[in-house]
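Taking it in order: structure first as structure tokens, then the write-up.
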Amino acid sequence: MSEQWTGDGPAARTGVVAAGSLQPMLDLRLAGLCLRLIASQEDALRGVEAMLSPPCTAQPPTGTPDWTMLIEEALQPATGDVETFEGPELVFPQGGPRLSVVDSTAGRLRLHGRYRPDGAAASIETDRAAKTTRIVLPTGDTSAARLADWLAKGFFASRLLGTGWQMLHASAVVVAGQAILFLAGQRGGKSTLAHRACAELGAMFLADDLVLLGPDGTVAGWPARVCLPVDLPVPHGAGEVFERIVGGDVRRRVRLTPPEHRQALGVGYSPPVPLGAVISIALGDNSGGSVRVHASPLERDALTSVVEKALDVPSQRLFTGDLLGLTGSGSTAPPTDATAGVLRLLSRKPGVQLTVGDPVSLPTVAVWRELSAILPLLTAESR
């Protein structure tokens with residue numbers, strides 16, 4: 268897929284890469300945006316491509332990109348140069364990236380960055396005039412390499428969110444070429460139903476936790492780590508098992524990157540597709556012990572409630588934005604009419620309220636018969 272770059276063009280004129288060098292390169296495209304990747308090593312290029320494609324498509328370089336990212340590898344910089352610097356520092360919550368500003372003059376921004384607080388440091392330099400970001404990664408450090416993924420995601424997310432796309436806390440799959448969104452609160456069963464749909468209905472995978480919804484109703488699954496409930500069948504040794512306290516209960520999950528998820532479970536990923544239907548999952552009263560699942564049309568008030576909750580993703584917007592302008596954009600706040608816009612899109616499509624009396628049974632209970640009675644979209648795919 269990649270081609271060789273000869274050092275011509277705006278990136279070379281900045282002096283960031285020596286003219287005449289041959290380096291792998293490709294274009295990542297999404298919703299009319301183009302990010303050009305140029306790497307010193309083929310593996311670095313493939314690593315970013317594997318994380319972002321889909322939702323992006325990877326193509327041979329053509330035309331003029333909106334931005335260029337240069338990925339190089341070098342021996343780890345001297346720790347003293349990083350540790351003793353006392354300039355401004357941006358620290359993301361929950362153990363996220365940590366960035367120390369080294370210099371910001373003449374349209375250039377230089378930083379030291381770590382993807383995790385205890386990880387190796389990389390250097391990042393942004394040249395706004397040349398529309399170029401250069402990242403130098405310590406050789407062989409897989410944690411630092413994820414900074415390149417993070418920067419590429421920030422390029423696309425910041426621009427899409429700035430042009431009317433919305434980020435939703437949702438899982439999603441594709442059936443018959445259309446996206447089905449699963450909306451619920453934490454531990455509500457979104458991931459469980461999405462992965463059951465792939466395994467039992469032959470659905471294509473879009474997203475485990477985050478989707479971007481375009482103004483025209485296009486749904487793009489956002490490339491975040493996949494966190495599977497431990498009661499779903501996952502090959503032994505795949506991913507990383509971790510525990511979190513949610514609502515006072517211990518929640519055990521298996522965490523995988525998108526490439527690990529595709530490889531371990533053989534799941535097919537889908538590029539962006541039109542919105543087809545919405546399934547809202549609610550926990551019901553199972554005190555009588557008779558009703559385990561029940562599907563009914565999704566009413567407007569219930570849809571409004573789940574949309575408001577799905578849009579409440581400040582941490583995710585922070586992580587996927589471009590707060591410092593490292594890829595030429597900036598962090599964007601959701602528009603004041605975000606709920607109304609999403610409601611307009613979702614209310615035009617079929618919606619189902621799936622009430623689950625016993626959430627523990629969700630990985631195995633028969634849900635597709637209930638859902639297909641209201642969503643004909645599922646009928647041809649159900650088994």
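Residue 469 in my numbering sits at position 202 of the sequence shown; the count goes up by one each step and never skips. A virtual CB, placed ideally from N, CA and C, is assigned to each residue, including glycine. All values derive from a computational prediction rather than experimental measurement.
Determine which residues share a DSSP beta bridge with Cys323 and list them.
-> Cys323 is not bridged to any residue.
Using a threshold of 8 Å, state whether the C-beta atoms of Asp475 and Val486 are closer than that.
-> no
Cα-Cα separation, Val540 to Gln433 = 15 Å
What residues in its chain sit with their C-beta under 6 Å from that of Leu690, if we drop five residues either side in the sequence?
-> Nothing can be reported for residue 690: it is not among the residues displayed for the chain, which extend from 268 to 650.
Using CA coordinates, which residue listed in Leu590, Val609 and Ser639 is at the minimum distance from Leu570?
-> Val609
Residues sharing a beta bridge with Met336, DSSP = Leu304 and Thr400
Out of Leu612, Gly456 and Leu578, which has the shortest C-alpha to C-alpha gap to Val651?
-> Shown here, the chain extends from 268 to 650; a query on residue 651 therefore has no answer.
Expected contact under 8 Å - CB spacing of Phe422 and Ser596 to nearest Å = 7 Å
Note the first and the last residue of the continuous beta strand (DSSP E) segment covering Gly543.
-> Val540 to Leu550
Rounded straight-line distance, which links the Cα of Glu507 to that of Leu523 | 7 Å
Can you give the beta carbon distance from Ala439 to Ala461, rounded, assuming they're within the 8 Å contact cut?
-> 7 Å
Could you name the residues of the same chain whose beta carbon sits closer than 7 Å to that of Gly362, not counting the 5 residues immediately before and after it, in chain order?
-> Arg383 and Pro384
What residue range is occupied by the uninterrupted beta strand (DSSP E) comprising Val619?
-> Gly618 to Val623
Val560 (DSSP reduced to helix, strand or coil) | strand
Run of the beta strand (DSSP E) containing Phe449, from where it starts to where it stops | Gln445 to Leu450
Where Val442 sits in the DSSP three-state scheme | strand
Quick one: does Ala437 have its CB under 8 Å from some CB of chain C?
-> You won't find chain C in this structure, because it holds only one protein chain.
Start and end residues, alpha helix (DSSP H) containing Glu637 | Trp635 to Ser639
Do you know how far the Cα of Asp625 is from the Cα of Ala325?
-> 43 Å
Could you name the residues that DSSP lists as bridge partners for Pro525?
-> According to DSSP, which records beta bridges pairwise, Pro525 is partnered with nothing at all.
Bridge-paired residues (DSSP) for Tyr382 | Tyr382 pairs with nothing; no bridge assigned.
When DSSP labels each residue in this structure, what does Pro581 get in the three-state scheme?
-> helix
When DSSP labels each residue in this structure, what does Phe359 get in the three-state scheme?
-> coil
Any chance the segment 401-410 sits against the segment 562-580, with 3 or more Cβ pairs inside 8 Å?
-> no
So Leu468 is in the alpha helix (DSSP H); what residue range does that whole segment cover?
-> Lys457 to Leu468
Locate the beta strand (DSSP E) running through Gly393, then write down its first and last residues.
-> It is Thr, not Gly, that sits at residue 393 in the sequence shown. Here the beta strand (DSSP E) through Thr393 covers Ala389 to Asp394.
Starting from Ala474, follow the alpha helix (DSSP H) in both directions and report where the run begins and ends.
-> It is not in any alpha helix (DSSP H) - Ala474 instead sits in the beta strand (DSSP E) that spans Met471 to Ala474.
Would you tell me roughly how many angstroms separate the C-alpha atoms of Gly535 and Ala491, rounded to the nearest one?
-> 16 Å
Going along the chain, which residues of its own chain have a beta-carbon closer than 6 Å to the beta-carbon of Thr393, five neighbours each way excluded?
-> Leu376, Thr400 and Leu593
Alpha-carbon to alpha-carbon, Val619 and Pro643 | 11 Å
Where does Val632 fall in DSSP's three states?
-> coil
Straight-line Cα distance separating Leu297 from Lys420 | 11 Å
Is Asp370 buried or exposed, if buried means 16 or more other CB atoms sit within 10 Å of its CB?
-> exposed
Residue range of the beta strand (DSSP E) that Val368 falls in?
-> Arg365 to Thr372
Measure the CB-CB distance between Pro328 and Pro538 and report whether it falls below 8 Å.
-> no
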